[in-house]
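Worksheet: one structure, shown below.
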């Protein structure tokens, strides 16, 4: 868990989590997210609130000291909690905050703690290997780069089974050299130059350029090809939706009031059509009867929407 000083420093450089994002290894944060967290204060505040409010993050922070204590007792390790910020000697914007370290003989090893649910268990291999989530591997390698030590012990606490598992990430200088080069390039040519990195998803593009301005750009040949393909895809989507509705109608008409469809040869359930309860809020009534409450509960924002303008020959 970060102390107050570490929280203040967290977005003044590239830490372990952001490093994994920049390298395309973090499924929760992209390279564009990393760029915005480092350059856009409004985005940073909003994202920090979003992340810190997540139940799994709160639980992980709450359990971390207990997991450290458990691992210390389990392995007879004297785990030293680290309060300082690690920094690269040549490029101090490369930084990191490790959970702890242990002394093995004359050398130190890093300790990193993660808390995971049952679903995540399948993304790990055998204990004492480096078969962990890619983002965790790169995060540990980042810390090895900064510290100069040879090994990081990744300790994962699985909530469902209440067990600790130990994984070992050994220093790989070839990987470190490659990641260091990419991170330095990102800082110099994206962060400092205030140039948005290449987006890898439409969602990222919307984050990078959230506000439109009344201006025109002329399409080139490649963009026209993409536009034509986009038009075809949208038409196909409509067809697929129509086909889907036809199939659902045929299935519903066949099943009528029955709720389960069974395969005639395999004898297993292949589809259910069951009555389910649901609840919803009547927003019009809420606004009419309790306008102040409705206003307090209303989330407002902006988003960019892409609409196709059909060419004359397409009409």
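In the working numbering, the protein residues as written are 1156 to 1470.
All residues carry an ideal CB built from backbone N, CA and C; glycine is no exception.
Remember, predicted model here, so these are calculated numbers, not experimental data.
For residue i, which residues from the same chain have a beta carbon less than 6 Å from its beta carbon, with the 5 sequence-adjacent residues on both sides left out?
i: residue 1234; result: 1223, 1227, 1255, 1257 and 1266
i: residue 1173; result: 1189
i: residue 1175; result: 1181, 1290, 1293 and 1294
Rank the options by C-alpha distance to the C-alpha of residue i and give the top, closest one.
i: residue 1347; options: 1164, 1291 and 1169; result: 1169
i: residue 1456; options: 1292, 1201 and 1187; result: 1201
i: residue 1349; options: 1249, 1453, 1191 and 1179; result: 1191
i: residue 1430; options: 1412, 1421, 1165 and 1442; result: 1412
i: residue 1166; options: 1180, 1238 and 1250; result: 1250
i: residue 1237; options: 1214, 1268, 1229 and 1207; result: 1268
i: residue 1243; options: 1304, 1451, 1261 and 1452; result: 1304
Taking the straight line between their C-alpha atoms, what separation do you get for residue i and residue j?
i: residue 1204; j: residue 1402; result: 43 Å
i: residue 1195; j: residue 1341; result: 16 Å
i: residue 1362; j: residue 1423; result: 45 Å
i: residue 1396; j: residue 1463; result: 18 Å
i: residue 1418; j: residue 1393; result: 30 Å
i: residue 1300; j: residue 1344; result: 21 Å
i: residue 1273; j: residue 1316; result: 8 Å
i: residue 1239; j: residue 1297; result: 16 Å
i: residue 1437; j: residue 1209; result: 27 Å
Under a three-way DSSP split, which group does residue i fall into?
i: residue 1171; result: helix
i: residue 1273; result: coil
i: residue 1317; result: coil
i: residue 1256; result: strand
i: residue 1186; result: helix
i: residue 1366; result: coil
i: residue 1309; result: strand
i: residue 1466; result: coil
i: residue 1248; result: coil
i: residue 1347; result: coil
i: residue 1322; result: strand
i: residue 1292; result: helix
i: residue 1448; result: helix
Which residues in the same chain have their Cβ closer than 8 Å to the Cβ of residue i, if we skip the five residues on either side of it in sequence?
i: residue 1427; result: 1414, 1415 and 1416
Below 7 Å CB to CB, which residues in the same chain sit around residue i once its five sequence neighbours on both sides are set aside?
i: residue 1225; result: 1319
- prompt: Considering only residues of the stretch 1399 to 1431, which uninterrupted beta strand (DSSP E) runs meet the minimum length of 3 residues and lie entirely inside it, listed in chain order?
  reply: The qualifying runs are 1415 to 1417 and 1424 to 1427.
field: Entirely enclosed alpha helix (DSSP H) segments - the stretch 1193 to 1230, minimum 4 residues
entry: Fully enclosed alpha helix (DSSP H) runs of no fewer than 4 residues occupy 1196 to 1207 and 1210 to 1230 of the stretch 1193 to 1230, in order along the chain.
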